[in-house]
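So the number in the working numbering is just where the residue sits in the sequence shown, counting from 1, plus 76.
I have placed the structure first, in the form of structure tokens, so that the comments after it can refer back to it.
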Amino acid sequence: MKVLFIDIDGTLLNSSNIVSERTKNALRKASEKGCITVLCSGRCLDGLSPIMDELGFPMYVSSLNGACIFDYDCRIISSTPLLPSAVSTCLNLTRRIGMDYLYFYSSHWGADSFNSCYDLEKRIVGSAGAAEPADIMSQKTDVHKFLAVGDPSCCHKFLMEAKKLLPSYSIVPSSSRYVEVNAPGIDKGFAVRTICSLLGIDISDSICFGDYDNDLAMFAASGYAVAMGNAPEHVKNAADEVCLTNDEDGLAVWIERNLLHP
77 MKVLFIDIDG TLLNSSNIVS ERTKNALRKA SEKGCITVLC SGRCLDGLSP
127 IMDELGFPMY VSSLNGACIF DYDCRIISST PLLPSAVSTC LNLTRRIGMD
177 YLYFYSSHWG ADSFNSCYDL EKRIVGSAGA AEPADIMSQK TDVHKFLAVG
227 DPSCCHKFLM EAKKLLPSYS IVPSSSRYVE VNAPGIDKGF AVRTICSLLG
277 IDISDSICFG DYDNDLAMFA ASGYAVAMGN APEHVKNAAD EVCLTNDEDG
327 LAVWIERNLL HP
């Protein structure tokens with residue numbers, strides 16, 4: 077039995093934010109052969125549910141970089157929110173640098189207003205978010221991920237300063253315009269270890285697929301790591317193997333060659 081930990085954006089989805097028919101078929105056939113699929117994403121559950129419905133077979137879900145883990149029936153089996161003080165620190169830092177931000181609960185997401193940042197996220201994930209002023213959001217105890225949004229130079233500044241202010245927290249880029257903040261010890265590697273333990277499956281039988289920095293912890297934890305051909309060079313260098321890009325059905329081709337027709 078193999079467990080497949082699969083990133084979403086840039087990995088499962090192509091550049092048009094679509095799961096190709098070839099990828100759907102490969103994953104369904106792998107599931108029929110006994111492979112367990114885990115969607116391992118920075119998205120919240122609302123942003124993953126349409127993809128789960130489209131794939132059409134049971135799967136585990138690690139959302140928000142491992143901050144929330146769900147079983148086959150979408151029952152939450154692990155939940156690790158941020159402390160309100162950490163959320164306030166991130167809010168103050170984004171204000172000082174001049175960045176937008178998004179925040180994520182176990183199943184839904186939001187922004188401080190219905191602005192352009194909100195509109196972009198809504199288009200990407202296909203679900204509407206909430207709009208709550210920062211002073212309200214920063215007092216809540218169920219924010220599981222904070223996302224700073226800005227141009228690459230602002231993201232770099234946020235990354236460097238946030239690591240100094242919150243040294244024990246998981247703070248990683250997920251694109252050139254996004255920096256994600258999770259609780260200490262929470263990353264996609266945590267999801268790999270937790271789910272393999274719950275399933276009683278040796279971690280050496282886990283295979284992961286990803287394309288960006290927030291996937292590196294998953295690479296380090298898994299038995300075998302596959303980087304997408306569209307990943308940056310340092311991410312490719314951290315993997316055991318590089319497959320074709322997400323626009324070339326890289327995930328599907330790898331599964332067909334290695335799991336369906338070995």
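By construction, the Cβ of each residue, glycine as well, lies at the ideal position given by its N, Cα and C atoms.
Would you identify the three-state DSSP class for residue i, choosing helix, strand or coil?
{"i": "V137", "result": "strand"}
{"i": "K216", "result": "coil"}
{"i": "G305", "result": "coil"}
{"i": "E332", "result": "helix"}
{"i": "A259", "result": "coil"}
{"i": "F190", "result": "coil"}
{"i": "T87", "result": "helix"}
{"i": "I200", "result": "helix"}
{"i": "E208", "result": "coil"}
{"i": "I94", "result": "coil"}
{"i": "L242", "result": "coil"}
Grab me the residues of residue i's own chain with a C-beta within less than 7 Å of its C-beta, minus the 5 sequence neighbours each way, in chain order.
{"i": "F222", "result": "L158, V163, C166, Y177, Y179, V257"}
{"i": "V225", "result": "M175, D176, Y177, L178, C193, R253, Y254"}
{"i": "A296", "result": "G265"}
{"i": "G205", "result": "H184, W185, G186, A187, Y194, E197, K198"}
Alpha carbon to alpha carbon, how far is residue i from residue j?
{"i": "T87", "j": "V255", "result": "18 Å"}
{"i": "D316", "j": "R333", "result": "16 Å"}
{"i": "L320", "j": "Q215", "result": "44 Å"}
{"i": "G261", "j": "Y245", "result": "7 Å"}
{"i": "A259", "j": "G186", "result": "18 Å"}
{"i": "K233", "j": "I212", "result": "26 Å"}
{"i": "F146", "j": "K105", "result": "22 Å"}
{"i": "A328", "j": "R172", "result": "43 Å"}
{"i": "N191", "j": "V137", "result": "29 Å"}
For the beta strand (DSSP E) holding residue i, just list the boundary residues, first then last.
{"i": "C144", "result": "144–146"}
{"i": "Y177", "result": "176–180"}
{"i": "I247", "result": "246–251"}
{"i": "S282", "result": "282–286"}
My guess is that residue i and residue j are in contact by the Cβ rule of under 8 Å, so how many angstroms apart are they, rounded?
{"i": "V79", "j": "D281", "result": "6 Å"}
{"i": "H373", "j": "C144", "result": "Residue 373 lies beyond the stretch modelled for the chain, which goes from 77 to 338, so this question has no answer here."}
{"i": "M135", "j": "L121", "result": "M135 to L121, Cβ: 12 Å. No contact."}
{"i": "S91", "j": "D323", "result": "5 Å"}
{"i": "L169", "j": "A267", "result": "That belief does not hold up - the Cβ atoms of L169 and A267 are roughly 26 Å apart, past 8 Å."}
{"i": "V311", "j": "L292", "result": "7 Å"}
If I measure Cβ to Cβ from residue i and keep anything under 6 Å in the same chain, skipping five residues before and after, which residues do I get?
{"i": "A210", "result": "L167, D188"}
{"i": "C284", "result": "F81, M294, S298, A301"}
{"i": "D218", "result": "P157, Y181"}
{"i": "S34", "result": "Nothing can be reported for residue 34: it is not among the residues displayed for the chain, which extend from 77 to 338."}
{"i": "C230", "result": "I173, M175"}
{"i": "C111", "result": "K78, L80"}
Terminal residues of the continuous alpha helix (DSSP H) containing residue i?
{"i": "V268", "result": "264–275"}
{"i": "C116", "result": "Premise fails: C116 lies in the beta strand (DSSP E), 112–116, not in any alpha helix (DSSP H)."}
{"i": "A224", "result": "Premise fails: A224 lies in the beta strand (DSSP E), 221–225, not in any alpha helix (DSSP H)."}
{"i": "I127", "result": "121–131"}
{"i": "S107", "result": "97–108"}
{"i": "I173", "result": "160–173"}
{"i": "L80", "result": "Not the alpha helix (DSSP H): L80 falls in the beta strand (DSSP E), residues 79–82."}
Residues in its own chain within less than 8 Å of residue i by CB, not counting five upstream and five downstream?
{"i": "I200", "result": "D85, N93, G123"}
{"i": "P126", "result": "G202, S203"}
{"i": "P228", "result": "S252, R253"}
Taking 8 Å as the cut-off, does the CB of residue i come closer than this to any heavy atom belonging to the ligand ATP?
{"i": "G110", "result": "In the structure on display, the ligand ATP does not appear, and there are no ligands present to speak of."}
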